[in-house]
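In UniProt numbering, the protein residues as written are 1 to 295. Quick reminder that beta carbons are idealized off the backbone N, C-alpha and C, glycines included. Worksheet for the structure shown next.
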């Protein structure tokens, strides 16, 4: 696996940002108060207020980075498209800008140095390096710890929920369409396929096309139709075994062999195919309701 592939790997997107915000703030306060790093000394009332100013900066920047930005830039922070690379970029920018804010506060407000006149001096860049390095060194600890806690809790929660959904899956009344008539699926062109509904495994959005995976004469086949996944979803509503589980997928529930849970969410294993179908947060509630409805 090369670097690009690694950075594009899906990663768990934080669904409880306030945990990160509070953890960052509390751990920074404790580290400054207990360990007094980087020549900081909590030996006066003034230093006590200095401590809370640094904690306040951490809190404000954490709220902006982990609460406000995901609401303002929803496309970039889409949980279904969240990757290791995006997370590294996000956290690096957060740490860098927090470090710069701490430097400005320290240099201009605490040391009362002439900020603009000192731009060409050695002391300016020395202090810049020290303050940014200190901020990154301190805040990265709760940041990593917070990610670990949230991801670990998500893993436990999703494993338990996957176990429950597998139980529902094994108990549901399978609505097979084998005795029904074949249906014709077509798109905006002359391309079409005639297939029994129960032979359809899943449908996947692929650009301006939908890839239909189906079984024919014992073999797995694929057919690209120029259509949208939404159009196919509307077309398959009349058949009781199809459900939209992802912005890019429609799955035949009768073909699900197992539901796997991990920190990122859920994956569906289908019979006679190695393809794993993701279940996104957006469609998880509908997917669960579909399984509950059939029992």
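The secondary-structure analysis by DSSP pairs residue 246 across a beta bridge with 249. In the structure shown, the three-state DSSP call for residue 194 is strand.
In terms of Cα proximity to residue 15, the closest of 66, 145 and 124 is 66. Remark: C-beta atoms of residue 221 and residue 185 do not approach each other more closely than 9 Å.
Residue 285 sits in a helix when the DSSP states are folded into three classes. Between residue 259 and residue 162, the CB-CB gap stays under 9 Å. Under the 10 Å beta carbon count, residue 75 is surrounded by fewer than 16 other beta carbons and is classified as exposed.
Taking one beta carbon from each stretch, the segment 140–155 and the segment 116–127 have fewer than 3 pairs nearer than 8 Å; the two do not touch. Nearest Cα to residue 239 within the set 205, 198, 268 and 256: 198. Pairing residue 146 with residue 10, the inter-Cα distance amounts to about 19 Å.
In the DSSP secondary-structure assignment, residue 259 is bridged to 268. The C-alpha of residue 63 lies about 14 Å from the C-alpha of residue 101. Taking all protein chains in view, the Cβ of residue 207 is surrounded by fewer than 16 other Cβ atoms within 10 Å, so the residue is classified as exposed. Nearest to residue 2 by C-alpha distance, out of 85, 264 and 271, is 85. In this structure, the straight-line span from the alpha carbon of residue 35 to that of residue 251 is close to 55 Å. Scanning the segment 102–135 for uninterrupted alpha helix (DSSP H) segments of 4 residues or longer gives nothing; none is fully contained.
Using a Cβ distance threshold of 9 Å, residue 94 and residue 104 do not count as a contacting pair. Here the alpha carbons of residue 209 and residue 203 stand approximately 10 Å from one another. Runs of the alpha helix (DSSP H) spanning 4 or more residues and lying entirely within the segment 70–106 occur at 84–104, in chain order. 28 is the residue among 41, 113, 47 and 28 whose C-alpha sits nearest the C-alpha of residue 60. Exclusion of the five residues before and after residue 96 leaves 132 and 136 as the residues of its chain whose Cβ lies within less than 8 Å of its Cβ.
The three-state reading of DSSP puts residue 161 in helix, counting H, G and I together.
Counting C-beta atoms within 10 angstroms of its own C-beta, residue 148 has fewer than 16 neighbours from the protein chains shown and is therefore classed as exposed. Non-local C-beta neighbours of residue 57 in its own chain, meaning closer than 7 Å and more than five positions away in sequence, comprise 98, 101, 102 and 105, ordered along the chain. The beta carbons of residue 143 and residue 269 sit about 34 Å from each other, so the pair does not count as a contact at 8 Å. In the three-state DSSP reduction, residue 241 falls in the coil class, being neither helix nor strand. In this model, residue 8 and residue 73 are separated by some 19 Å (Cα to Cα). Here the C-alpha atom of residue 211 lies approximately 19 Å from the C-alpha atom of residue 218.
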